[in-house]
Every structure is written in structure tokens, then in C-alpha cells.
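In this note's numbering, the protein residues as written are 72 to 428. Virtual Cβ for every residue (Gly too), placed ideally from N, Cα, C. Below is one structure, written out as C-alpha cells, with a few remarks after it.
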Amino acid sequence: MEAKELKQLASGRWKSIVTSLAPQLGLAIERLPHHVSCPVHGGVDGFRLFKDFDETGGSVCNTCGIQNDGYATLMWVNGWDFKTTHRAIHDMLLGDRANQYRPPVAPPQVVKKEVEVNVQSIRDSLNHVWKHSIPLSSSEARPARMYLANRGIRQIDYRKIDSNMIRFAPLLEYYEEGKLLNKYPAIVTMVCDSDGRPSTVHRTYITDSGTKAPIPSPKKMMRHCADNLFGAMRIAVQGNSKVLAVTEGIETALAVMGVFNVPVWAAGNAYLLENFVPPQGVDVVIYADKDRPSRQHPDGHGLSAAKLLLKRLWKEGIKASIKLPGNEIPQGMKSVDWLDVVNGNVPQAPAEKTATR
């Protein structure tokens, strides 16, 4: 049976399938749709299953990225390839255990008014954060500038940073599992969809002395006010530049902007980089992370995502290229990004460049 047909058969049954094939997701299924610790990299509450998980099997981790469907979720969490995943799902549904399944019960319809209230609640939370933030160039934003300097980001012209997109919150609530634990300063960055509409806010909690806040999850993404999770953090003002650089992380973007003097947007992670949509009329330079290879990503997740983005942009007639750190990944490190290169954290080597068009 083809994957498309098997996905249709699995729709409405993903909870049962994943419970059997990936028991490490049991807590996430039990607490759906609330956040739990990521089953791959750990942490506290960066992972959750989609609200329609039983129909799609999709999931998202703030660090690892988005898994669109049950196939992707199982491949990611188990480190399986596509063939292994397909066979396992096939055996679950059509093998000896097929008689365990019953036709899925139609999910209860959600009242539209309740959905609208929930979306408005999310918007109110996002607006609350943004309302209490100030530009990074403000004198009161010194902790943010100290934090970036401590991270090795020193060659920044703050006038070129879009103050409508990345700002400083002098004191922002920090929650874990819905409980207010404390308040900390934070760098807040707007995430916009491909049409430029705000969808959520990324927070980096810091201290008054410019260090990372002593909390379990100092970097957090707020809830999205729309189902579309794709977007980017438009850190730099585009101006008249015909070139736009894109990175995974915010701090990497600021480092690239400071050293190479180009406007930069940050996608957020490798999966979002793969789905990045640039504005019209620009050439795109992808400053990729160099990650260690895995079974799912033999080239490393960062380069794999960059190559997929490059291929799509070429098909759309957009000039694009990839710049990859030429440095080897030092022992004890999982990856090398352009912030590491700028900081001299890895031995210097010429950047690797892919084909352009």
C-alpha cells in the first residue's frame, strides 16, 4: 500500500499507532495538547503534539522543529528512515494486530466561538509582551546589549535592527507548566508569517548583568495565534539591499549581520528554514548550520534543510546560495554555526559554498 493511502487509513488512529510504536511519546499523548519535555533532546516543556494529532500525527518542538504528520513524527523520535516507518505503520494497521483497531469515532465539533476566544486570548498575551518592550537601542535595554556582547555579537549597528521586530522587555513573566515562577528581563523577537503578519513572539530570558537567566528554558516561543507555524524573525531592515541572508537562530543572524553587513532574517530552526519564504525581489544567501550527520539527515539537519530551501528557491526563479562553515565540528560539540565562527570558537577555515543560480 502506498504511503498516501496508508496515511488516510491512519487518520483518526495516530494516538494508538504512536503509543505502540513510540511509547516515549506517551506523556505527550496523555497531556495533549499541552507542552512536555522533548523526547529527543530533553528540556522542560518545548514539545507538544498538534491539536489534531489523532488525525494527522503531527508534532512540534521549539528546538527540533515541526513534524508535519505521523510519518515525520515517528521518523524523528525513533531515528527511523522512511522505509522502516512505512513498514511499521503498515504492520500496525494491516498486519496481525489490525483487528485491534476500531473505526475512529468522529471528533466532537469545536464551537467556533470558543476557538475565537482562545485565539483572542493568545493575541492578548502577545500584545501584553510587546506593549511592555522597548527598542534595543534604548538606554534601558543595556542588559540586552550586554548579553549579545557576551555572546560575541559586538559589531552591531543597532540602527539597522528593525525595532518593530526585535526589542527588549525590562521585566517579563516566566512560566513553567502554567505556574508563574519569576520575572526576568528578556529579548523578544516577533515572528511573522510569509505575508508579514505577526503570529507569535520568541523570548530569550536574561539577567540584568547580561547573562542567560538561570531557568530550565531560557529560550521560549509563545503560542501561535494561527495554525500556520511557518514564519521568520525579520531582524534587519531590508532597505535598498537586493540580498537577504537567512539563518536558523536569532543570535547567529545578528552575528552575520554585524560581520558581513547584510540584512538578515532568522527562521528559528532547521525545519522552519526549509520552509522559509523570502520577500519578492531579493537574492537569498543561506548561512547554514553545520550539524553532525544522523540517520534521518546524513548531511546534518542544518545543511539538509538549506539544500531543500535552495532547491525550492531555484524552482521559483529566485537566486540563492548556501554558505556553510568550513570548520570541522570540534569534539564534544553537536554543531558549528556562524556565531561560533565569528567568535573564534572553532579553528578558522574558509567557508564552504554550494552551487548558486
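Who are the near neighbours of residue i in its chain, counting only those whose CB is closer than 7 Å to its CB and skipping five residues on each side?
i, result
"residue 80", "164"
"residue 400", "361, 363, 406, 407"
"residue 330", "226, 413"
"residue 375", "368"
Should residue i go down as buried or exposed, given a rule of 16 or more other Cβ atoms within 10 Å for buried?
i, result
"residue 257", "buried"
"residue 150", "exposed"
"residue 346", "buried"
"residue 153", "exposed"
"residue 141", "buried"
"residue 226", "exposed"
"residue 280", "exposed"
"residue 266", "exposed"
"residue 220", "exposed"
"residue 319", "buried"
"residue 112", "exposed"
"residue 51", "The requested residue 51 is not part of the displayed model; the chain covers only 72 to 428."
"residue 268", "exposed"
"residue 117", "buried"
"residue 251", "exposed"
"residue 195", "exposed"
"residue 168", "Any reading at residue 168 needs caution, since the residue's pLDDT is 45, under 50, leaving its predicted position unreliable; the model's value is listed next. Exposed, by the Cβ-count rule."
I think residue i touches residue j, with their Cβ atoms under 8 Å apart; what is that distance to the nearest whole Å?
i, j, result
"residue 232", "residue 273", "In fact, because the Cβ distance is near 15 Å, the residues do not count as touching under 8 Å."
"residue 304", "residue 262", "6 Å"
"residue 389", "residue 349", "7 Å"
"residue 287", "residue 247", "7 Å"
"residue 412", "residue 396", "5 Å"
"residue 381", "residue 357", "6 Å"
"residue 119", "residue 99", "7 Å"
"residue 255", "residue 212", "The Cβ separation is near 14 Å, so there is no contact."
"residue 391", "residue 385", "6 Å"
"residue 155", "residue 89", "The pair is not a contact, with the Cβ atoms about 15 Å apart (cut-off 8 Å)."
"residue 210", "residue 239", "Going by Cβ atoms, the distance from residue 210 to residue 239 rounds to 11 Å, so no, they are not a contact pair."
Taking the alpha carbon of residue i as the reference point, which residue from the options has its own alpha carbon closest?
i, options, result
"residue 123", "404, 382, 342, 86", "86"
"residue 340", "360, 128, 331, 224", "360"
"residue 115", "126, 133, 125", "133"
"residue 355", "368, 284, 394", "394"
"residue 234", "306, 293, 401, 216", "306"
"residue 249", "409, 239, 105, 372", "105"
"residue 109", "368, 148, 191", "148"
"residue 157", "271, 400, 77", "77"
"residue 229", "144, 89, 96, 205", "205"
"residue 351", "314, 373, 377", "314"
"residue 203", "94, 117, 259", "259"
"residue 353", "317, 369, 338, 374", "317"
"residue 241", "251, 216, 224, 370", "216"
"residue 200", "375, 276, 374, 159", "276"
DSSP three-state call for residue i: helix, strand or coil?
i, result
"residue 139", "coil"
"residue 172", "Residue placement at residue 172 cannot be trusted, given a pLDDT of 35 that sits under 50; what the coordinates show is reported in the next sentence. In the structure shown, residue 172 sits in coil (DSSP, three-state: anything other than H, G, I, E or B)."
"residue 355", "strand"
"residue 381", "helix"
"residue 156", "helix"
"residue 181", "Low confidence applies here, because residue 181 scores a pLDDT of 43, under 50, leaving its location unreliable and the question unanswered by this model."
"residue 365", "coil"
"residue 88", "helix"
"residue 239", "strand"
"residue 119", "strand"
"residue 72", "coil"
"residue 409", "helix"
Closer than 8 Å by C-beta to residue i: which residues in its own chain qualify, once you throw out the five before and the five after it? Chain order, please.
i, result
"residue 127", "82, 85, 121, 139, 140, 141"
"residue 282", "218, 221"
"residue 160", "77, 81, 88, 92, 141, 142, 145"
"residue 97", "90"
Report all residues from its chain with a CB closer than 6 Å to the CB of residue i; omit the five preceding and five following residues, and keep chain order.
i, result
"residue 294", "193"
"residue 312", "334"
"residue 342", "136, 137"
"residue 379", "345"
"residue 323", "408, 409, 410"
Would you say residue i lies against chain B (beta-carbon separation less than 8 Å)?
i, result
"residue 126", "Although the question refers to chain B, the structure presented lacks it and comprises just one protein chain."
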